[in-house]
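Q: Using our numbering, the first residue of the sequence shown is number 2, and each one after it goes up by one.
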Amino acid sequence: MLQKTRGIALSYIRYRETSIIARVYTEEFGLQSYIVNSVRTAKSKNNRIALFQPLTLLEMVVYYKSDRDLTRLSEVKTNFPFQSLPFEVGKSTIAMFVTEMLNKVLKEETGSPTLFRFLVESVVFLEEAKVNYENFHLIFLLKLSFFLGFGPESAREFESQLRENSYPFLPDEEMDAALNTMLRQPFGTPIKLDRSARNELADALVTYYHIHIDSLGEVKSLPVLREVLG
Numbered sequence: 002m003l004q005k006t007r008g009i010a011l012s013y014i015r016y017r018e019t020s021i022i023a024r025v026y027t028e029e030f031g032l033q034s035y036i037v038n039s040v041r042t043a044k045s046k047n048n049r050i051a052l053f054q055p056l057t058l059l060e061m062v063v064y065y066k067s068d069r070d071l072t073r074l075s076e077v078k079t080n081f082p083f084q085s086l087p088f089e090v091g092k093s094t095i096a097m098f099v100t101e102m103l104n105k106v107l108k109e110e111t112g113s114p115t116l117f118r119f120l121v122e123s124v125v126f127l128e129e130a131k132v133n134y135e136n137f138h139l140i141f142l143l144k145l146s147f148f149l150g151f152g153p154e155s156a157r158e159f160e161s162q163l164r165e166n167s168y169p170f171l172p173d174e175e176m177d178a179a180l181n182t183m184l185r186q187p188f189g190t191p192i193k194l195d196r197s198a199r200n201e202l203a204d205a206l207v208t209y210y211h212i213h214i215d216s217l218g219e220v221k222s223l224p225v226l227r228e229v230l231g
């Protein structure tokens, strides 16, 4: 059955000679995998494979069957082509990290309109932001944790859970204030963190996710993130 849905591209792998299997988080059906034919050829129209670069916002018509793990796309386009996110080193590094985390933590094959809306708003902010996006990945992970069911209510709760799991996280007053601001304020709120503190908090947040998601595994983009944005 053909269905319309919006989606967010997460990743893809090569499939056969000219096709890919794209992993997409959709508004209607949650996490889905789609075969996309004939996108890895010189004759592919309008460089269609670019539609599946990380975090691209998609408008799709899909073949949907609830008992299928792998289906096909009928139509796909974006009404929000990126102008900065893939081309600015800081933003593209953040996108790489965020996409890796989403690939690891998004499991549900049912739609969640509130989660989807949060993801879209997050991507739009990152694409359009001119300033105050250097802490985006930290704020994103904190806010995402609530949709996943383990969001901390305060900096104190966050720190307490880390200590209970033997992680040596000892923030000062400035870090506490930054954490509470991230939890309560929207993206783009100015937050003062130096390079060292930003790295420390990124490590702590990934550890926090490890505590709650056993299958998280190694986050390979974290060292790159620390180097570029720390």
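For every residue, glycine included, the Cβ atom is placed at its ideal position computed from N, Cα and C. Quick caveat: nothing in here was measured; it's all calculated off a predicted structure.
From the DSSP output, which residues share a beta bridge with S61?
A: Start at 1 with the first residue of the sequence shown, and residue 61 comes out as number 60. Note on residue identity: the sequence assigns Met, not Ser, to residue 61. Looking at the DSSP assignment, M61 forms a beta bridge with T6, V77.
Q: May I have a chain-ordered list of the alpha helix (DSSP H) segments no shorter than 4 residues that lie completely inside the segment 144–225?
A: Here the runs fully enclosed are 156–165, 174–185, 196–213.
Q: What whole-angstrom Cβ distance do I95 and H138 have, given they're in contact under 8 Å?
A: For this step, residue 95 is matched to residue 94 along the sequence shown. For this step, residue 138 is matched to residue 137 along the sequence shown. Between H138 and I95 the Cβ distance is about 5 Å, and since that is below 8 Å, they are a contact.
Q: Tell me whether the beta-carbon of F98 lies closer than 7 Å to the beta-carbon of S12.
A: If you number the sequence shown from 1, residue 98 lands on position 97. If you number the sequence shown from 1, residue 12 lands on position 11. Going by C-beta atoms, F98 is not nearer than 7 Å to S12.
Q: Using three-state DSSP, classify V37 as helix, strand or coil.
A: The sequence position of residue 37 within the sequence shown is 36, counting from 1. Here V37 sits in strand by DSSP.
Q: For G31 and S113, which I take to be in contact (beta-carbon distance under 8 Å), what is that distance rounded to the nearest angstrom?
A: Counted from its first residue, the sequence shown places residue 31 at position 30. Counted from its first residue, the sequence shown places residue 113 at position 112. G31 to S113, Cβ: 7 Å. Contact.
Q: Measuring only the C-alpha atoms, how far is R49 from F141?
A: Start at 1 with the first residue of the sequence shown, and residue 49 comes out as number 48. Start at 1 with the first residue of the sequence shown, and residue 141 comes out as number 140. Straight-line Cα distance between these residues: approximately 28 Å.
Q: So I22 packs on L71, CB below 8 Å; how close in whole Å?
A: Taking the sequence shown and counting its residues from 1, the one referred to as residue 22 is at position 21. Taking the sequence shown and counting its residues from 1, the one referred to as residue 71 is at position 70. Contact flag correct, Cβ pair sits at about 7 Å.
Q: How would you label L59, buried or exposed, when you count the other beta carbons within 10 angstroms and need 16 or more for buried?
A: As a first step, residue 59 must be located in the sequence shown, where it is residue number 58. The residue in question, L59, is buried, as its Cβ has 16 or more Cβ neighbours within 10 Å.
Q: Secondary structure at A23, three-state DSSP: helix, strand or coil?
A: Here the question's residue 23 lines up with position 22 in the sequence shown. Strand at A23.
Q: Report yes if the CB atom of H213 is closer than 7 Å to the CB atom of F170, and no otherwise.
A: Translated into positions along the sequence shown, residue 213 becomes position 212. Translated into positions along the sequence shown, residue 170 becomes position 169. Cβ distance not < 7 Å, so H213 and F170 don't count as in contact.
Q: Among the candidates V90, R73, P55, whose CA atom is the shortest distance from the CA of G82?
A: Numbered from 1 along the sequence shown, position 81 holds the residue referred to as residue 82. In the sequence on display, residue 82 carries Pro and not Gly. The option with the nearest alpha carbon to P82 is P55.
Q: When the Cα of V77 is compared with those of L103, I9, R118, S85, which residue comes out closest?
A: Walking along the sequence shown from the start, residue 77 turns up at place 76. It is I9 whose Cα lies nearest to the Cα of V77.
Q: Is T42 helix, strand or coil when you go by DSSP?
A: As a position in the sequence shown, residue 42 is number 41, starting the count at 1. Correct three-state label for T42: coil.
Q: How long is the line joining the alpha carbons of E135 and L149, rounded to whole angstroms?
A: Along the sequence shown, one-based indexing puts residue 135 at 134. Along the sequence shown, one-based indexing puts residue 149 at 148. Looking at the two C-alpha atoms, the distance is approximately 23 Å.
Q: Which value, in whole angstroms, describes the spacing of the CA atoms of V232 and N38?
A: Absent from the model: residue 232. The displayed extent of the chain is 2 to 231, so no value can be given.
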